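> After the structure tokens below, expect a handful of questions from me.
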Amino acid sequence: MENVLNILFCLTLLYLGTTTRIMAYLNVFVTQGILLFVILILPLFNKFSAYTFILPVMILAVKAVLIPIFIKRKIMLELEVRKSIESDFQQFNFLLLCVFTMITVFVSANMLAKYTLIDSIPFAAAFSTIIIGLYIIIFRKKLIVHVIGFLVMENGIFLLGVSIASEMPFLIELISLLDIFVAVFLMGIAINKISSTFAVDDITGLDELKD
Amino acid sequence: MLTSILIYIFFLASAPLFIGVVNKLKSRLTGRTGPSLFQPYYDLRRLLRKETIYATSASIISRIAPVIGFVSLLFAGMILPIGFYKPLISFDGDIILFAYLFGLARFFQILGAMDIGSSFEGMGAAREATFAVFAEPIYFFTLGSLAFIFGCTSMYEIFHSISLNNPAFLVFISVASISVFFLMITETSRMPVDDPNTHLELTMIHEVMILDNSGLDLFLYQYTSYLKILIYATFTSNFFNPFNVQNHYLGFSIYIMIIFILIVNLVWIETMMGRFKLKSIPQYLLFAASIGILNILVYSFFNK
């Protein structure tokens, strides 16, 4: 069943390579948050205790509710960014790149699984999430899309943690959540500051920044 | 065997009805009364009465193209299991034949469009060929991955081995059915890819290719396109058909029900979505094809 969820996770990644709208990017991020929630909550069905539910519920609250609302309200509406992602790289080629990356990652994960004890499918899903998050940051112009790419990357790191060790220390997970939230918060403030000073929302305009 | 033939005749006869139901539901959803359910039949009858006229520049190709298209789809339909019944043609590797019959029909339609020599039709033919390039991998990756998973290459056996016991297979199947749905929309030129009701030649893909045909030829083209969409709908519906049901009548009624659900989905998508830009269609098709690639990738690790 967890493999199934990982396949769905990979599908959301492919959709990131297909769509050109910022709202769709945000929706994909919400879907990934919900998928992570289900992945975390599935092994807990037998041992029911309130303590173990804190983390999944927090994941759901932060990734599927708080951050999307924050991005939508504070950033999208206040800055009035345009709806398309404006990449300098054709979307078709981007998707091809994603597919080839995924194939490479799956094959190498399979080779790794022969020597180590990792689960190949969750590992491959997590690793391709990280790389595709990185691609989004590299190939897109808009800052807001960079934030979402960073968050997708963070999802991948989280999934990697889940796949490599089934019991990740509780505190570290909490810190990772806090980390994300602070990061988004800071980025929001940074973008707001930049826009109030320079009125640009993509990285090409940042070349003009000098001290 | 006799029931299979009867079922197939019923299948052929109900092809225009499918479009009729789609159009009716679509108009209802947008608040119009819409044409009658049997409007496609009336259209076909009207076309049959008309005289067939050929352009002066047309050669033998445009005379044989509609017939070849029709006959190849007729055979393609025979490979497909309808409801619970065994298809008329079934052998190992018939999934390849199925794809190539469609390819043959498309090839002759493209040739027929270019044969007339109108620039509009040439443009439509070019578009059709472009999208076919992206549409065929969807078929081969999806069905190929299923053939790989179930270890058989006959369409009847593949759909027969689908069982709902294993949740992982369930996901493979539903994910594969998404990409086949994409394929259906592309191949039959429905809404997000191509607008069947458009009246501007520059934006058409499929309709522009048959602008200069009339009478019996147009009848054949129209009927072939009705048949094509029903074949693809059946193809998609087969993914959800629980073949463990041993009762023929029950299997057939489940088939009708699934087709109806599919129609509702199609109508909903066509009403809710605008047309894609021509430029961005290939990436959606590649998305559907990569679903098949993902299926193969994941399945090859499931065994380990």
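Chains as they are written, first to last, in this note's numbering: chain G, 521 to 731; chain X, 825 to 1128.
Note that CB positions come from ideal geometry on N, CA and C, so glycine has one too.
All values derive from a computational prediction rather than experimental measurement.
Kindly indicate if chain G contains any beta-carbon less than 8 Å away from that of Val1088(X).
Closer than 8 Å: no.
> Going by other Cβ atoms of all chains shown within 10 Å of its Cβ, with 16 needed for buried, is Tyr924(X) buried or exposed?
Result: exposed.
> Consult DSSP for Arg1099(X) and reduce its assignment to one of helix, strand or coil.
Coil, per DSSP.
> Going along chain G, which residues have a C-beta under 8 Å from Pro1106(X)?
Within 8 Å Cβ-Cβ: Phe612.
> Kindly list, in the order they appear in chain G, the residues whose Cβ is closer than 7 Å to that of Ser998(X).
Near Ser998(X) there are no residues of chain G at all, since even the closest Cβ is about 10 Å away, more than 7 Å.
> With a threshold of 8 Å, are at least 3 pairs of Cβ atoms found where one atom belongs to the stretch 521-535 of chain G and the other to the stretch 572-588 of chain G?
No, they do not touch.
> Could you check what DSSP says for Lys850(X) in three-state terms: helix, strand or coil?
Helix at Lys850(X).
> What residues in the stretch 619-641 of chain G have a beta carbon less than 9 Å from any beta carbon of chain X?
If the cut-off is 9 Å between Cβ atoms, the stretch 619-641 of chain G has Val619, Met622, Ile623, Phe626, Val627, Ala629, Asn630, Ala633, Lys634, Ser640 and Ile641 near chain X.
> Tell me the DSSP secondary structure of Lys1052(X) in three-state form.
It is helical.
> Of all Cβ atoms in chain X, is any one closer than 8 Å to the Cβ of Thr551(G)?
No, its Cβ sits nowhere closer than 8 Å to a Cβ of chain X.
> Which residues of chain G have a Cβ atom closer than 8 Å to the Cβ of Leu1118(X), listed in chain order?
Correct list: Ile527, Cys530, Leu531, Leu534 and Met622.
> Could you tell me which residues DSSP pairs with Ser604(G) in its beta bridges?
Partner(s): Arg541(G).
> The alpha helix (DSSP H) with Phe659(G) in it runs from where to where?
That run of the alpha helix (DSSP H) goes Ser640 to Phe659.
> Taking C-beta pairs closer than 8 Å, name the residues in chain X that Leu616(G) reaches, listed in chain order.
Those are Leu1110, listed as they occur along chain X.
> Using only CA atoms, which one of Phe834(X), Ala837(X), Glu875(X) and Ser1049(X) lies nearest to Pro1020(X)?
Pro1020(X) has its Cα closest to that of Ser1049(X), out of Phe834(X), Ala837(X), Glu875(X) and Ser1049(X).
> Answer yes or no: does any C-beta atom of chain G fall closer than 8 Å to that of Lys1128(X)?
Legend: pLDDT at Lys1128(X) = 47, less than 50; position of this residue unreliable, no value from coordinates given.
> Output the distance between the C-alpha atoms of Phe915(X) and Leu904(X), rounded to the nearest integer angstrom.
Computed Cα separation, rounded: 11 Å.
> When you compare the CB positions of Ile934(X) and Ala879(X), do they come within less than 8 Å of one another, or not?
Contact flag unset, no.
> Does the beta carbon of Val524(G) sit closer than 8 Å to a beta carbon anywhere in chain X?
Closer than 8 Å: yes.
> Please work out which residues of its chain come closer than 7 Å, Cβ to Cβ, to Pro1106(X), disregarding the five sequence neighbours upstream and downstream, and give them in chain order.
Counting only Cβ-Cβ distances below 7 Å, and skipping sequence neighbours, we find Phe958.
> In chain G, which residues lie less than 9 Å from Ile1136(X) when you measure between Cβ atoms?
Limits of chain X in this structure are 825 at one end and 1128 at the other, which puts residue 1136(X) out of reach.
> So for Lys662(G), helix, strand or coil by DSSP?
If DSSP states are grouped into helix, strand and coil, Lys662(G) belongs with the strands.
> Would you kindly report the start and end of the unbroken alpha helix (DSSP H) that includes Val619(G)?
It spans Gln611 to Tyr635 - the alpha helix (DSSP H) in which Val619(G) sits, taken as one unbroken run.
> Does the stretch 906-915 of chain X come into contact with the stretch 1025-1035 of chain X, if we say contact requires no fewer than three beta-carbon pairs (one atom in each stretch) closer than 8 Å?
No, they do not touch.
> Take Lys583(G) and list the residues in its own chain whose beta-carbon comes closer than 6 Å to its own, dropping the five residues that flank it on each side.
Once the five neighbours on either side are set aside, the close Cβ partners of Lys583(G) are Gly553.
> Among residues of its own chain, excluding the 5 on either side of Ile677(G), which ones have a beta-carbon nearer than 7 Å to its beta-carbon?
Excluding residues within five positions, the ones whose Cβ falls inside 7 Å are Ile650.
> CB-CB under 6 Å to Ile1087(X), same chain, minus the five flanking residues each way: which ones, in chain order?
Hits under 6 Å: Val845 and Val846.
> So, helix, strand or coil for Val1017(X), using DSSP?
In the structure shown, Val1017(X) sits in coil (DSSP, three-state: anything other than H, G, I, E or B).
> Shorter than 8 Å from the beta carbon of Leu1121(X) to some beta carbon of chain G?
Yes, Leu1121(X) counts as interfacial toward chain G.
> Tell me which residues of the stretch 939-968 of chain X have at least one Cβ-Cβ distance to chain G shorter than 8 Å, keeping chain order.
Within the stretch 939-968 of chain X, no residue qualifies.
> Determine the DSSP secondary structure at Phe1064(X), reduced to helix, strand or coil.
Correct three-state label for Phe1064(X): coil.
> Identify the continuous alpha helix (DSSP H) that holds Val891(X) and give its terminal residues.
That run of the alpha helix (DSSP H) goes Ile884 to Ile903.
> Return the CA-CA distance between Phe1006(X) and Ile877(X), expressed in angstroms with no decimal places.
One C-alpha to the other measures close to 35 Å.
> Can you grab the Cα-Cα spacing for the pair Met979(X) / Gly537(G), in whole Å?
For Met979(X) and Gly537(G), the distance between alpha carbons rounds to 32 Å.
> To the nearest angstrom, how far is the alpha carbon of Phe960(X) from that of Met1096(X)?
At residue 960(X) the sequence reads Glu, which differs from the Phe that was named. Their backbone Cα atoms lie some 26 Å apart in a straight line.
> Count the other CB atoms within 10 Å of the CB of Phe835(X); is the residue buried (16 or more) or exposed (fewer)?
Looking at its Cβ environment, which holds 16 or more other Cβ atoms inside 10 Å, Phe835(X) is buried.
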